[in-house]
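> Just so you know, the sequences run in chain order A and B.
Residues in the first sequence are numbered consecutively from 1082, following my numbering.
Residues in the second sequence are numbered consecutively from 1082, following my numbering.
Beta carbons are placed, not taken as given, at the ideal position from N, Cα and C, and that holds for glycine.
Protein chains: 2
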Amino acid sequence: MDEETDGIARLARRTRIVLVRTSHPGNIGGAARAMKTMSLERLVLVAPLRYPHADATARATGADDVLERARICTTLEEALADCTFVIGASARQRTLPWPLLDARTAAERVAASEEETAIVFGPEQSGLDNRELERCGALLRIPTGPAYASLNLAAAVQIVAYELHMAARVAVARAPETPLATADELEYFYAHLQRVMEAADFLDPENPKHLMRRMRRLFNRAHLDRNELNIMRGLLAAYDKLREEGIER
Amino acid sequence: MDEETDGIARLARRTRIVLVRTSHPGNIGGAARAMKTMSLERLVLVAPLRYPHADATARATGADDVLERARICTTLEEALADCTFVIGASARQRTLPWPLLDARTAAERVAASEEETAIVFGPEQSGLDNRELERCGALLRIPTGPAYASLNLAAAVQIVAYELHMAARVAVARAPETPLATADELEYFYAHLQRVMEAADFLDPENPKHLMRRMRRLFNRAHLDRNELNIMRGLLAAYDKLREEGIER
């Protein structure tokens, strides 16, 4: 097993997909297949309307094993037992004060954590109700076009499973076990970068914030881990050192 | 229409999804729905085995309009007429000398280009044949787990449509119209970065390439556009300038 495969396997062991009150058994089969293509295997069904069902088996194709090993629970509480990170998929804008993450960011958080994680999908028509959403620590939204946001349930599971898979690969492509830089560490870095850019006469005095916004956007996209941040800060420090030597002379 | 929506609309206008010899009409409907959720609307069917069909309409749900406006062609050539960028989806490792892109990278290329683009999906069982793949300028692969790579066709279209949607959003989040840095430009940047890191005694003489690999990984992840690259190079030049002043004194 190579390093990348191992990263995904470790994520898969602590990550379950929970489908709540699913109406169409075909979607349960489709979700099982979607999971298996991305190496996920822990499926939990909460009070499915019709299950087991021939449509579920038909849509699962080669993922019958995921379906067979699916846990069936009567309540969401039972499905979430021992989870420390619960993410609820929600298509609608909610007024709950939970952090709302897009699918990619949510997957990165899961990959960067070591938590026992559940990602919860509600019924096809209505989604999770408020009581169910309150059991979640974060909400996940899949970005869609403005005209038609009605993702099929199995398609939504496919996108989330794919993003988890991609995030696990990227997480392994980093130095192993290196934590991501925290928001505070990034703020120190941006402040340091701004001082160096000012010293190098880089910032437009008319619009000093414009360039910094660009730099923030760039490094936010890159999701620096702590080692990478330290290298970048080392480069800024090397500039400061040269500059102090210049001033002393 | 806000800027982001407009970016996706522009990509959608010049991007078609081509399904070749699809066996199951349900997959055609599922693909139409998958496209519509991500604002894509140009579906082309090449010699579908059974179409029109009630299963297609049933799976399309609210995307009947995409289905109704789908073009039906008898040959792939006809479907690709006037395309300047043709990407073939392929699950298998191929020996063709075409560039092989993962879905995310392919979507970024499409979003960064202004080309009339087709993304082509083969039949469920066999995929595109070699003659069809030869019509493509690049191959697209969706990363899957090692144990089971058999993505459902509509699920594959969903992932690709989602990545196109995400890439169009990111492309708009950059300065508008700024092209991505080319591979050559990135190589100049890495060479310059290495010279600065050497001058600053940053590279481990035992293993000078280790840190550079990390830096490459970081900036490859960030997908720099040309403006961002110029800012980074400007910072390196500011270091060089200070250093020369120090040496002159």
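Would you verify that the beta carbon of A:L1037 is, or is not, closer than 8 Å to some beta carbon of chain B?
The shown model of chain A, from 1082 to 1330, leaves out residue 1037 of chain A, and the question about it has no answer.
> Sort A:H1304, A:L1274 and A:L1130 by Cα distance to A:A1318 and report the nearest one.
As a position in the first sequence, residue 1318 of chain A is number 237, starting the count at 1. Of the candidates A:H1304, A:L1274 and A:L1130, the one whose C-alpha sits nearest the C-alpha of A:A1318 is A:L1274.
> Is A:L1299 near B:E1309, with beta carbons less than 8 Å apart?
The count along the first sequence starts at 1 and reaches residue 1299 of chain A at position 218. The count along the second sequence starts at 1 and reaches residue 1309 of chain B at position 228. Their beta carbons are under 8 Å apart, which means A:L1299 touches B:E1309 by this criterion.
> So the beta strand (DSSP E) B:G1169 belongs to, where does it begin and stop?
Sequence index remark: in the second sequence, residue 1169 of chain B carries index 88 (1-based). First-last of the beta strand (DSSP E) with B:G1169: F1166 to A1170.
> At the 8 Å Cβ level, is A:H1105 part of the contact set with chain B, yes or no?
Taking the first sequence and counting its residues from 1, one reaches residue 1105 of chain A at position 24. Closer than 8 Å: no.
> What's the C-alpha gap between A:R1190 and A:D1265?
Your numbering for residue 1190 of chain A matches position 109 in the first sequence. Your numbering for residue 1265 of chain A matches position 184 in the first sequence. Cα to Cα, A:R1190 sits roughly 17 Å from A:D1265.
> Report the three-state DSSP secondary structure of B:T1198 (helix, strand or coil).
Counting from 1 along the second sequence, the entry for residue 1198 of chain B is found at position 117. B:T1198: strand per DSSP, three-state reduction.
> Between the region 1123 to 1134 of chain A and the region 1286 to 1295 of chain A, can you find at least three pairs of beta-carbon atoms closer than 8 Å?
Not touching, per the Cβ criterion.
> Counting C-beta neighbours from all protein chains within 10 Å, is the total for A:S1120 16 or more, i.e. buried, or is it exposed?
Residue 1120 of chain A sits at position 39 when you count from the first residue of the first sequence. Result: buried.
> According to DSSP, A:R1222 sits in a beta bridge with which residue or residues?
As a working note, residue 1222 of chain A is residue 141 in the first sequence. DSSP output for A:R1222 lists A:D1183 as bridge partner(s).
> Taking just the CA atoms, how far does A:A1236 sit from A:A1219?
Residue numbering aside, residue 1219 of chain A sits at position 138 when the first sequence is read from its first letter. Residue numbering aside, residue 1236 of chain A sits at position 155 when the first sequence is read from its first letter. Approximately 21 Å, taken between the alpha carbons.
> Would you kindly report the start and end of the unbroken alpha helix (DSSP H) that includes A:L1310?
Start at 1 with the first residue of the first sequence, and residue 1310 of chain A comes out as number 229. Counting along the chain, A:L1310 sits inside the alpha helix (DSSP H) bounded by residues R1307 to E1329.
> So, for B:G1110: in the same chain, excluding its five sequence neighbours on each side, which residues have a beta-carbon less than 7 Å away from its beta-carbon?
Translated into the one-based positions of the second sequence, residue 1110 of chain B becomes position 29. Apart from the 5 residues on each side of it in sequence, B:G1110 sits with its Cβ closer than 7 Å to the Cβ of D1136, A1137, T1138, A1139, R1140, A1141 and L1148 in its chain, given in chain order.
> Can you confirm whether A:P1224, when its beta carbon is compared against all beta carbons of chain B, has any partner nearer than 8 Å?
As a first step, residue 1224 of chain A must be located in the first sequence, where it is residue number 143. Chain B contact via Cβ: present.
> Against chain A, which members of the region 1162 to 1183 of chain B pass a CB distance test of less than 9 Å?
D1183
> Tell me whether B:L1130 sits in a helix, a strand or coil according to DSSP, three-state version.
Translated into the one-based positions of the second sequence, residue 1130 of chain B becomes position 49. DSSP places B:L1130 in coil when its eight states are reduced to three.
> Under 7 Å Cβ to Cβ from A:R1131, same chain only, skipping five residues before and after it: list those, please.
The count along the first sequence starts at 1 and reaches residue 1131 of chain A at position 50. Answer for A:R1131: P1106, listed in chain order.
> Using CA coordinates, which residue listed in B:S1194, B:D1210, B:E1326 and B:R1276 is at the minimum distance from B:I1089?
The residue given as residue 1089 of chain B occupies position 8 in the second sequence. Comparing Cα-Cα distances from B:I1089 to each of B:S1194, B:D1210, B:E1326 and B:R1276, the minimum goes to B:S1194.
> Rounded to a whole number of angstroms, what is the C-alpha to C-alpha distance between A:C1154 and B:A1262?
By 1-based counting over the first sequence, the position of residue 1154 of chain A is 73. By 1-based counting over the second sequence, the position of residue 1262 of chain B is 181. Taking the Cα positions, A:C1154 is about 51 Å away from B:A1262.
> Would you grab the beta carbon distance between A:R1276 and B:I1312 for me? Rounded to a whole angstrom, and I think it's under 8 Å.
Sequence index remark: in the first sequence, residue 1276 of chain A carries index 195 (1-based). Sequence index remark: in the second sequence, residue 1312 of chain B carries index 231 (1-based). Actually they are not in contact, since the Cβ atoms of A:R1276 and B:I1312 sit about 16 Å apart, beyond 8 Å.
> In whole angstroms, give me the CA-to-CA distance for B:G1208 and A:G1143.
Within the second sequence, numbered from 1, the residue matching residue 1208 of chain B stands at position 127. Within the first sequence, numbered from 1, the residue matching residue 1143 of chain A stands at position 62. Each residue's Cα considered, the two are about 17 Å apart.
> Please classify B:R1114: is it buried, with 16 or more other beta-carbons within 10 angstroms of its beta-carbon, or exposed?
Here residue 1114 of chain B corresponds to residue number 33 of the second sequence, with the count starting at 1. The residue is buried, with at least 16 neighbouring Cβ atoms inside 10 Å.
> Have a look at A:A1160 and A:V1099 and give me their C-alpha separation to the nearest angstrom.
Indexing the first sequence from 1 puts residue 1160 of chain A at position 79. Indexing the first sequence from 1 puts residue 1099 of chain A at position 18. Rounded to the nearest angstrom, the two C-alpha atoms are 7 Å apart.
> Mind checking which residues open and close the alpha helix (DSSP H) that includes B:V1274?
Within the second sequence, the letter at position 193 stands for residue 1274 of chain B. Sequence check: residue 1274 of chain B is Leu here, not Val. Where B:L1274 is concerned, the enclosing alpha helix (DSSP H) stretches over A1264 to A1280.
> If B:V1101 sits next to B:A1184, beta carbons under 8 Å apart, how far is it from one beta carbon to the other, in whole angstroms?
For the purposes of this step, residue 1101 of chain B is taken as the residue at position 20 of the second sequence. For the purposes of this step, residue 1184 of chain B is taken as the residue at position 103 of the second sequence. Their Cβ separation, rounded to whole angstroms, is 18 Å, which puts B:V1101 and B:A1184 out of contact at 8 Å.
> Looking at the secondary structure, which residues open and close the alpha helix (DSSP H) in which A:T1138 lies?
Here residue 1138 of chain A refers to the residue found at position 57 of the first sequence. Its alpha helix (DSSP H) spans residues A1135 to A1141.
> A:K1117 CB to nearest chain B CB: under 8 Å?
In the first sequence, the residue the question calls residue 1117 of chain A occupies position 36. For A:K1117, the answer is yes, since a Cβ of chain B falls inside 8 Å of its Cβ.
> B:R1094 by DSSP, collapsed to three states: which one?
Against the second sequence, residue 1094 of chain B aligns to sequence position 13. Three-state result, B:R1094: helix.
> If you measure from the beta carbon of B:P1204 to each beta carbon in chain A, is any gap under 8 Å?
By one-based count along the second sequence, residue 1204 of chain B stands at place 123. Not closer than 8 Å to any Cβ of chain A, the Cβ of B:P1204 fails to qualify, so no.
> Check each candidate in A:E1196, A:L1177 and A:S1104 and name the one with the smallest Cα separation from A:L1092.
By one-based count along the first sequence, residue 1092 of chain A stands at place 11. Among A:E1196, A:L1177 and A:S1104, the Cα nearest to that of A:L1092 is on A:E1196.
> Measuring CB to CB, does B:R1097 end up less than 8 Å from B:A1199?
The residue labelled residue 1097 of chain B in the question sits at position 16 within the second sequence. The residue labelled residue 1199 of chain B in the question sits at position 118 within the second sequence. Their beta carbons are under 8 Å apart, which means B:R1097 touches B:A1199 by this criterion.
> Using a Cβ-Cβ distance cut-off of 8 Å, determine whether B:H1291 contacts chain A.
As a first step, residue 1291 of chain B is located in the second sequence; it is residue number 210 there, counting from the start. Chain A contact via Cβ: absent.
> May I ask you to report which of helix, strand or coil DSSP gives A:L1209?
To locate residue 1209 of chain A, count along the first sequence from 1; it is residue 128. Coil, per DSSP.
> Taking the continuous beta strand (DSSP E) assigned at A:R1302, which residues delimit it?
Start at 1 with the first residue of the first sequence, and residue 1302 of chain A comes out as number 221. Element bounds for A:R1302: not the beta strand (DSSP E) but the alpha helix (DSSP H), P1289 to A1303.
> So, with DSSP's three-state summary, where would you put B:L1161?
Looking up residue 1161 of chain B in the second sequence gives position 80. In the structure shown, B:L1161 sits in a helix (DSSP, three-state: H, G or I).
> Give the range of the beta strand (DSSP E) segment to which B:R1173 is assigned.
By 1-based counting over the second sequence, the position of residue 1173 of chain B is 92. Unbroken run through B:R1173: none, as it is neither H nor E.
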